[in-house]
Structure formats: structure tokens, C-alpha cells
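Take a look at the structure set out below.
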Amino acid sequence: MDQADSAAARRDLAFHLHPSTNLALVQAEGPLVISRGEGVYVYDEAGNRYIEGMAGLWCAGLGFSEKRLAEAAYRQMLALPFYHSFSGKVPAISTELAEKLVGVAPEGMGRVFFANSGSEANDSAVKLAWYYNNALGRPDKKKLISRRKAYHGVTVASASLTGLAFAHSDWDLPAPRFLHAETPHHWRGARPGESEEAYAQRLADELERLILAEGPDTVAAFFAEPVMGAGGVLVPPATYFERVQQVLGKYDVLMIADEVICGFGRTGNMFGSQTFGIRPDVITCAKMMTSGYQPMSAMMVSQRIYSVLEDQSRKLGVFGHGFTYSGHPVPAAVALETLAIYEERDLLAHVRRVAPVLQEGLRAMADHPMVGEARGVGLIGAWELVRDKATKAGFDPKAAVGAQFVRNAQRRGAILRVLPGDIIAFSPPLVIEEHELRELLAHAAGALDETWQWVKAKGLA
Ligand code: PMP
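In the UniProt record's numbering, the protein residues as written are 1 to 461.
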């Protein structure tokens, strides 16, 4: 069945405004209507099975059929379907989750604020950085630095943090006070012969120059994903965060780790901060906290920051930030069950065990004429497709080579995602088994060859 031909697809095209989608293309090609999931697979309405190489949107850590999460939600809906955490109330289950999160967080996290999405968590962190500096009597210390190619979300503040053109062009963003530092990508950014360490030092020096040029008294926080996700699955060069942290410490700039993708096991540790030696003042997280089964995010702050907020409340009264659904009991119950399952099954050990299958499988294709770089860590990785391996020149974006790859992979039964710059991302459910990873890689390798034939036939390379 052609994707656009089903009744469900036609209804969708008539009524749905799709998020983060080429609206003209989806009208032409139709949506892929997914109706059910099982393990690491999803099924479309015609019954075709796909291995989900992206865990949906980097989030379904436990795959698509974990009944315990459904039962946890159901139990919680019967016991207390909604309650809030404003003005001194709290659902018991949300307290339990806050305690649990502080327990698994990197050292130094003291308090948890809940929100519904990664964007909201990052928006909250931006506001927190402003509020915190006002509380400390530093009204000018308000600028936020993130990196080009960062993805931090799409609300006004989080889209401003994001460093990708599609989040800014024609959206009148970034807002004032948002600055973007260089992307840490050794393969593209390093000078010939420059080691990862030397490159990392150069980036840290550049960051220091930026802070000095702006004035340290005007810079509040630095936002960073441990591994940059939607900007291209960019693993930081060795010692990068260590050197960046030294600069931030020198000028009293907060380190805010966006763990929305890396949090809860993606890189083989509970948090990406642990994998890369980051010492965050604030952590934002979401996605795999509930395995994506319920919308929920969190902003964790150090005890030091929390104390400043509490002091400020003594003067101002209300801490004036919170959402109706902050700490909603149903996603809280699902998050607790998710974390319990991660522990019972020792999912971190599983990720470390199977990660080499993904990483070696991706790198095994590094010789392919179209693969510029194969990269990744843990259960996240990518192929960057290029037109010319010697010069690293990419394809004309209009040729949509990456989108053709995704189509070819989908026809073979694998769902993968193309990121800007013809980068093919891999981020499967954490529960994926070795044989399933091999199946995913085989589909991807087939799609790569097929796409290469198409590229040659079209004269694109
Ligand atoms: N931060 C990162 C690192 C993300 O990958 C995402 C979403 N892909 C977000 C923030 C935004 O999360 P949400 O889509 O839930 O708003």
C-alpha cells in the first residue's frame, strides 16, 4: 500500500499540522502511520514491521511494549490521576521520583524541578540562570552561551539556545542575549594534524575569548549536550569538557548539561556527564526518564543554587515558575517504574555489552565511498554522508541524499533518521539485543549501497 493512500493517511493529511516536518513533502508522500509496537519493532497499519533504529525520538529506552509501564500508569490513574505541586501541596509519587532522581544523578545535584518536555526543562534552566543572578545582585550577568549545531528545543528560549538554522530562520530567533560558540567536532573542525586535546584547548581558549569580549559580568551560563544529538551526533574531543569547565569556573559561569538524550544510559553511564567528566550545576533531562511512554522532564539543580532560590523566596515570596503538570503523578509513576526496570535488568551493563556491536558495525562502513565519518559512543552513533571524502564536501542539500537513504532503509524495514547535513543517526532502544543490532546494521548497509547507486545514477557524486 502506498503510504499516502490509506484512509488514515488521507485523514491525517487533511487535519494534522505535523511538528518538525517538511509540510509540502508529507503532503506529497503521506505520513507513515504507525499502529503498534513490540520490543524494538513498530508496525504500520498494513502490518509491515520496522526495527526502530531511533527509539522513536531517542527516547523509547525500553522499546515499544513494556507492559509494566502501562500498568504503573493505570495503577496511578486509579489511585490519584492528577494532583499538583503548587503552593505547598505535592502528590506522594512525585516526591518519590525527586528523591530517586537525586539518588541516581551525578554528585552535587540537590533538588528536582519537573516539567513536561525537554524544551520546557531548558526554558526553565534559562530563566533559572537569570533569576539566580538577580538574586545574587548581578543584574547584568544574563547572557547564555550554547554551541552552533546544538539542539536544546523549540520554545522561544530553548530554540534560541539551539544552534541550527531551521530553529532560527524566519522564526525571529535567537532572542537577544543568546550567544553561540564553536561546535566541538574534531573531524570537521580540527586543523591538519591537530590532536583532539590540542583542538579541545583551542575551543576552550575561544570560549574564554568570547566570555572576555562580552564581559564575564554579563555571562550567566553555558549550555551543552554531552553528545550533541540532533545537530549530528557529535562526540566531544578528548578533554573538551575538562578544559571548558576550567574556563567556566574562572568566570563564575554556570555549567548546564542538557542530558535530554544522553540521560538514563545512552552513553553507557547513567548520565553523559559521567561519561565525559562534566561537573554540572544544573542538569536537564527527559525522554528516557519515562522511556518516552509519558511526557515528563526534569531540571535538577545543585544544593548551592537551590539555597539561593530559597533565600530569595524569603524576600519575594513565591518562586514564580511552575507548570500545571509539573510533577504530574502519572508520568512520575511511569518514570519510577522505568528507573526500577533499568536497575533490575542492569541496563547500563547491557548497553556497555552491546555498544561495541553498534560502534564497530558503524565504523566497518567507514570505507564506503559515501561515508565521510562513522562515529558514536554507547548506543548512539552516526554516518556523515559526503560527496567527496578527500575534501569532506557534502552533497547539495536540495538533492536530499540523506532523505533518500531513510526511504531506502524504511523499505527494507528499518527506521532511521536524517539530521541536517545528510547525517544518518542511530539511537536504538537500550534493550536492543545483539542480533537485533546486526539486523539494523544490515538494513542500514543495504540502504547505503542502494543510495550510493542512486547518487551515481543521478550524477550527484
Ligand atoms: N534537548 C535535547 C538534547 C534534545 O534532543 C531535545 C529533543 N530532541 C530537546 C532538548 C527538546 O525536547 P522536547 O522535544 O521534549 O521539547
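C-beta atoms are modelled at their ideal positions from N, C-alpha and C, and glycine is treated no differently.
Bounds of the alpha helix (DSSP H) holding Gly446 are Glu434 to Ala457. His18 is classed as exposed because its beta carbon has fewer than 16 other beta carbons within 10 Å across all chains shown. In chain order, Ala374 place their CB closer than 7 Å to the CB of Arg363, counting only its own chain and leaving out the 5 sequence neighbours on each side. Distance from the CA atom of Gly322 to the CA atom of Phe264, rounded to whole angstroms, is 24 Å.
Between Ala447 and Arg412, the gap from beta carbon to beta carbon is short of 9 Å. Relative to the non-hydrogen atoms of the ligand PMP, the Cβ of Trp58 comes within a distance shorter than 8 Å of at least one. The nearest non-hydrogen atom of the ligand PMP is 8 Å or more from the C-beta of Thr338. Met299 and Pro280 do not touch by the CB rule: their CB atoms are close to 11 Å apart, not below 8 Å. At a cut-off of 8 Å, the beta-carbon of Ala9 does not count as near the ligand PMP: no heavy atom of the ligand is closer than that.
Residue nearest to Lys315 within the set Leu136, Asp367 and Thr239 is Leu136 (criterion: CA-CA distance). Proximity of the stretch 71-82 to the stretch 343-354 falls short of the contact definition, fewer than three beta-carbon pairs being nearer than 8 Å. The stretch 24-43 and the stretch 267-281 do not touch, with fewer than 3 CB-CB distances between them shorter than 8 Å. Under the criterion of beta carbons closer than 8 Å, Leu437 and Gly361 qualify as touching, at roughly 7 Å. Collapsing the DSSP output to three states places Arg243 in a helix. Taking 9 Å as the cut-off, the beta carbon of Thr183 is found closer than this to the beta carbon of Gly163.
For the ligand PMP, a non-hydrogen atom lies closer than 8 Å to the CB of Tyr151. Separation of Pro331 and Leu212 (C-alpha to C-alpha, rounded to the nearest whole angstrom) is 43 Å. A residue is called buried once 16 or more other Cβ atoms fall within 10 Å of its Cβ, and Lys250, having fewer, is exposed. Take Val26, set aside five residues on each side of it, and the residues of its chain with a beta-carbon closer than 6 Å to its own are His18, in chain order. At a cut-off of 8 Å, the beta-carbon of Glu52 does not count as near the ligand PMP: no heavy atom of the ligand is closer than that. The C-alpha of Leu419 lies about 35 Å from the C-alpha of Gly110. The alpha carbon of Asp140 has as its nearest neighbour, out of Ala403, Phe405 and Val253, the alpha carbon of Val253. For Ile305, no beta strand (DSSP E) run applies; the uninterrupted alpha helix (DSSP H) run containing it begins and ends at Gln303 to Leu316, by DSSP. DSSP, reduced to helix, strand and coil, places Ile278 outside both helices and strands of the structure shown, so it counts as coil. When DSSP states are grouped into helix, strand and coil, Leu254 belongs to the strand group. Within 10 angstroms of the beta-carbon of Lys398 lie fewer than 16 other beta-carbons, which makes it exposed. Note that the C-beta distance between Tyr199 and His180 is not below 9 Å.
Here the alpha carbons of Ala340 and Asn116 stand approximately 21 Å from one another. Minimum Cα-Cα distance from Val401 among the listed residues Arg387, Ser326, Ala414 and Arg11 corresponds to Arg387.
Under the 10 Å beta carbon count, Phe166 is surrounded by fewer than 16 other beta carbons and is classified as exposed.
Beta-bridge annotation (DSSP): Phe178 is paired with Leu144. In its chain, beyond the 5 residues on either side, Ser302 have a beta carbon closer than 6 Å to the beta carbon of Gly108. Here Pro91 really is in contact with Leu80; their C-beta atoms are around 6 Å apart, less than 8 Å.
In this structure, the C-beta of Ser291 stays at least 8 Å away from each heavy atom of the ligand PMP. When distances are taken from the beta-carbon of Ser313 to the heavy atoms of the ligand PMP, even the shortest one reaches 8 Å or more. The three-state secondary structure of Glu208, taken from DSSP, is helix.
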